Structures are given as C-alpha cells and as structure tokens.
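Everything below concerns the one structure shown next.
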Amino acid sequence: QYYNLIALWIIGTYFHQNFPSYPYLFFNAMKGSGKSRTINLITCLSKEGSVQNSMTEAVLFRTKGTLAIDEFEGVGRKGQENLKELLNSAYKKGVKVKRMKQKKTDEGTEMVVEEFDVYRPIVLANISGMDEVLGDRCISLILERSSRKNVTNLIEIFREEKITTETIKLLDLVSLVSMSFHRGRYLEWNKYVKDRASNNTNNTNNTNNTNNTNNTNRITPFEIIDSMDLNGRELELSLPLCLIANEISEELLKETTLTLKSIFKTRQQEELTENYDISLYDFVSQYTETSWISITQICKDFKEFLDSNDEWINNKWLGRALKRLVLVKESKRMGRGRYIILDLEKAQKKIKMFK
1 QYYNLIALWI IGTYFHQNFP SYPYLFFNAM KGSGKSRTIN LITCLSKEGS
51 VQNSMTEAVL FRTKGTLAID EFEGVGRKGQ ENLKELLNSA YKKGVKVKRM
101 KQKKTDEGTE MVVEEFDVYR PIVLANISGM DEVLGDRCIS LILERSSRKN
151 VTNLIEIFRE EKITTETIKL LDLVSLVSMS FHRGRYLEWN KYVKDRASNN
201 TNNTNNTNNT NNTNNTNRIT PFEIIDSMDL NGRELELSLP LCLIANEISE
251 ELLKETTLTL KSIFKTRQQE ELTENYDISL YDFVSQYTET SWISITQICK
301 DFKEFLDSND EWINNKWLGR ALKRLVLVKE SKRMGRGRYI ILDLEKAQKK
351 IKMFK
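With UniProt numbering applied, the sequence shown covers 1 to 355.
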C-alpha cells in the first residue's frame, strides 16, 4: 500500500521548491526489515540523493539535495539540540541558518554573515521510533520483515540496474515538465476552503439539496483531497503528494488520499491512546454526571476508564489537568473533599479534533 506513496514522494523531490512545505518520510522497523535497502533505493532515484549515517548540523545546512539519515537514533542526545531544532524546521520553506564567515578584504579580513537554506527533502529510518515533535513532520511508514528470499537475497547494486537508470532518465525528463502545483495552486486551495466554509454557514440546505439531486456533477480534485478529513499539519504534509498524484490521474489521487487517510487516522488513534490529556477529553466527553461530583470519584472512574492503577493518576494531578484543559464549570469544597461540575459539552467538542 506504500508503493505509490513512496513513488510520489520521490517524484516530488524534483519539484521540491514548488511547495511551501514537504513531508519527511520516516521508516520505522525492527532490525533486518530492509530500512537501509529502502532508503538507499529512494536516494538513488531522488534528486541529488545521498545517505548519511552520522549526522551533524553543518552537513544538514551546507549540503543540498535529498538527504537520507539511516540509523537515526541519536538526535535526542545531549549536544544535538541545534541539529534537532533544524530538523524540526527543515520541512518548511523559508527557514534560514546564519553563520559568521571570515572574508578577505583589501584591508585584511572581516567577519561577514553567510546564510543557508535548510529546506530539503529528508528520509529518516530507525528502530526505536521518533519523538513527538519531529514525528509530527513525518509521514511514518512501518516496514515488516520479509521472508521473500527472491527479494531479501538481492545484492544492492541499484545504480547498475537497467531499470534504475531508465527510471532516473524518466524522472529527469519529468522534472522539465511544467506542473500546476505552484504557489497559485495553494491560493486556489485556500479559496476553496474559505468558499466551502461560507457555503456551509450560509447555504447549508441549498448545498445539501444540490449535492443530493445533481449526482452527475464531477467531483473536483480539491473535494477528493478534502474527503480525507485531515486538518492542520496532517493536511499540510499530505497536500504535496496529493497534488502530484492529481497531475498523473484522478484514480491515483483517490488511491493516495485513502492511503494517507489510513496512515494519519492510525496515528490519531495511537495519540488518543498514549496522550493522557486527550484520554481525559475522551473520558469527560462520555461522562454522564451533570451535577456536583467529587474529584475522588472522578479520579476513580478515570482510572477504570484507562484500565490503569498508576499511582501518579491521583486527585491532585486530575484536578490540575481538568483546570488546565478548562473542563471545570464550577468548583467548591464540601467537607474534606472538592466537588466540581464538569463541562461535558466542551469535552465533546474538543475530542472531535482528535477522532
């Protein structure tokens, strides 16, 4: 299911500067699952691709082209803060790095500012997984270990393979083609979003009637993309690949949107499970008590909801979390305990952002 997505990403490296942002590809898998083989093939086909095992800040901003970082495990270590910060920014156009450089002049030498652009296509691969902030810039793909010896026993000589050289020639030709996914296409998307919101607000009934009775209208590419029901960063990462797919065929666009939707909905479900704030929204959204109830009882019910006996989930933590998430309508002390009225309606609205 990932083949088309990876192929579109590779094509996009030849048009990378056309996009205001471009997703990282992240391959997560156990040892021996083919991560290195996969990223070697990707960089072989991508524009000016190269693989790095030991990454430094200088390599990131002083080199150009598609960059693959294999065995990407150490970015969270002490001393790698600058590299991590740059990686968090390099998926989006416009981020610059400035360094002082010594320059010779007629009078001697002087220090001048040298500016570097860090925006570039990046592929990452590791075993241990990705931290939340950087992972939020990635389309994450899970590789399973293969038992197909007709694949795993092949020696990696991609650049000598005829199919590879022919594919690279085709990609070079494709890079000369004028594509529609330029800045103007993004302006059209923004107009589509604004017009749709306006129609939903002012003409809901008319819009529904038109859609229900006029089934012969052809669905537009933007409507296909919109059907993914993605928001924010997820949509930003998906849009370049969708626009490339649309240049090829409507069928490929539909297939791409289904794959991306599946990937991001799975991520949303994982975040829902792992993030306690989101779990608290989910819990309160399903709570039925609308009157005064003790923090002690809510804490007990929340731990049952999580199926957890963690001691740190206590009255003090829960009280602070509910206050931080603004889920408390009213609060008072009764006897030795604290009682509150939960804002169930707010929780029900908030949880829709994550499901």
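The beta-carbon is built from N, C-alpha and C at its ideal position, and this holds for glycine as well.
Fair warning: this is a prediction, and the values are worked out from it, not measured in the lab.
The ligand SAH heavy atoms versus the CB of Lys84: any closer than 7 angstroms? Among the components modelled here there is no ligand, and therefore nothing to report on the ligand SAH.
Inter-stretch contact at 8 angstroms, needing at least 3 Cβ pairs: the stretch 241-250 / the stretch 177-186: Yes, they touch.
Which residues in the same chain have their Cβ closer than 7 angstroms to the Cβ of Thr13, if we skip the five residues on either side of it in sequence? Residue 13 sits at position 13 when you count from the first residue of the sequence shown. Around Thr13: Ser46, Lys47, Thr66, Pro121.
Validate contact between the stretch 10-26 and the stretch 251-270 using beta carbons, cut 8 angstroms, 3 pairs: Because the criterion of three Cβ pairs below 8 angstroms is not met, the stretch 10-26 and the stretch 251-270 do not touch.
Nearest by alpha-carbon distance to Arg283: which of Asn200, Asn231, Asp226, Leu306 is it? For the purposes of this step, residue 283 is taken as residue 283 along the sequence shown, with counting starting at 1. In the sequence as presented, Arg is not what sits at residue 283; that position holds Phe. Comparing Cα positions, the closest option is Leu306.
Ignoring anything shorter than 3 residues, give me the beta strand (DSSP E) runs that lie fully in the stretch 135-167, in order along the chain. Taking only runs of at least 3 residues, the beta strand (DSSP E) segments lying wholly in the stretch 135-167 are 138-142.
Between Ser227, Val174, Glu166, which has its C-alpha nearest Arg196's C-alpha? Counting from one through the sequence shown, the residue named residue 196 turns up at place 196. It is Ser227.
Tell me whether the beta-carbon of Val51 lies closer than 8 angstroms to the beta-carbon of Thr43. The residue given as residue 51 occupies position 51 in the sequence shown. The residue given as residue 43 occupies position 43 in the sequence shown. Judged by their CB atoms, Val51 and Thr43 are nearer to each other than the 8 angstroms cut-off.
Proximal residues to Arg145 (C-beta, below 8 angstroms), its chain only, five neighbours per side dropped: By 1-based counting over the sequence shown, the position of residue 145 is 145. Here the set comprises Ala29, Met30, Gly32, Ser33, Gly34.
Given that a residue counts as buried once 16 or more other Cβ atoms are within 10 Å of its Cβ, and exposed if not, what is Lys149? In the sequence shown, the residue the question calls residue 149 occupies position 149. A residue is called buried when at least 16 other Cβ atoms come within 10 angstroms of its Cβ; Lys149 does not meet this threshold and is exposed.
State yes or no: is the C-beta of Val328 within less than 8 angstroms of the C-beta of Asp343? Along the sequence shown, read from residue 1 onward, the residue named residue 328 stands at position 328. Along the sequence shown, read from residue 1 onward, the residue named residue 343 stands at position 343. A Cβ-Cβ contact shorter than 8 angstroms links Val328 with Asp343.
If you compare alpha carbons, which of Asn126, Arg338, Thr109, Ser147 is closest to Ser294? As a position in the sequence shown, residue 294 is number 294, starting the count at 1. Distance from the Cα of Ser294 is smallest, within the candidate group Asn126, Arg338, Thr109, Ser147, for Arg338.
Test item: CB-CB of Asn82 and Glu57 under 8 angstroms: On the sequence shown, residue 82 is found 82 positions in, with the first residue counted as 1. On the sequence shown, residue 57 is found 57 positions in, with the first residue counted as 1. Against a cut-off of 8 angstroms, the Cβ pair of Glu57 and Asn82 comes out as a contact.
Locate the alpha helix (DSSP H) running through Asp226, then write down its first and last residues. Start at 1 with the first residue of the sequence shown, and residue 226 comes out as number 226. Segment 221-226, the alpha helix (DSSP H) holding Asp226.
Rounded to the nearest angstrom, what separates Trp9 and Lys101 at their Cα positions? One-based indexing of the sequence shown puts residue 9 at position 9. One-based indexing of the sequence shown puts residue 101 at position 101. Rounded to whole angstroms, Trp9 to Lys101 spans 35 angstroms at the Cα level.
Looking at Asp117 and Lys84, is the spacing between their C-beta atoms short of 8 angstroms? Numbered from its first residue, the sequence shown carries residue 84 at position 84. Numbered from its first residue, the sequence shown carries residue 117 at position 117. It is not a contact, given that the beta carbons lie outside the stated cut-off.
Which of helix, strand or coil DSSP assigns to residue 374: Nothing can be reported for residue 374: it is not among the residues displayed for the chain, which extend from 1 to 355.
8 angstroms Cβ cutoff met for Leu230 and Lys261: Position 230 of the sequence shown, counted from the start, is the residue given in the question as residue 230. Position 261 of the sequence shown, counted from the start, is the residue given in the question as residue 261. The answer is yes: Cβ separation under 8 angstroms.
Chain B beta carbons: is any one of them nearer than 8 angstroms to that of Ile11? The structure shown contains no chain B; it holds only a single protein chain.
Where Gly12 sits in the DSSP three-state scheme: Within the sequence shown, numbered from 1, the residue matching residue 12 stands at position 12. Looking at Gly12 - three-state DSSP - the assignment turns out to be helix.
Please identify the residue among Gln297, Ala68, Gly129 whose C-alpha is closest to the C-alpha of Gly319. The residue given as residue 319 occupies position 319 in the sequence shown. When the alpha-carbon of Gly319 is set against those of Gln297, Ala68, Gly129, the nearest one is in Gln297.
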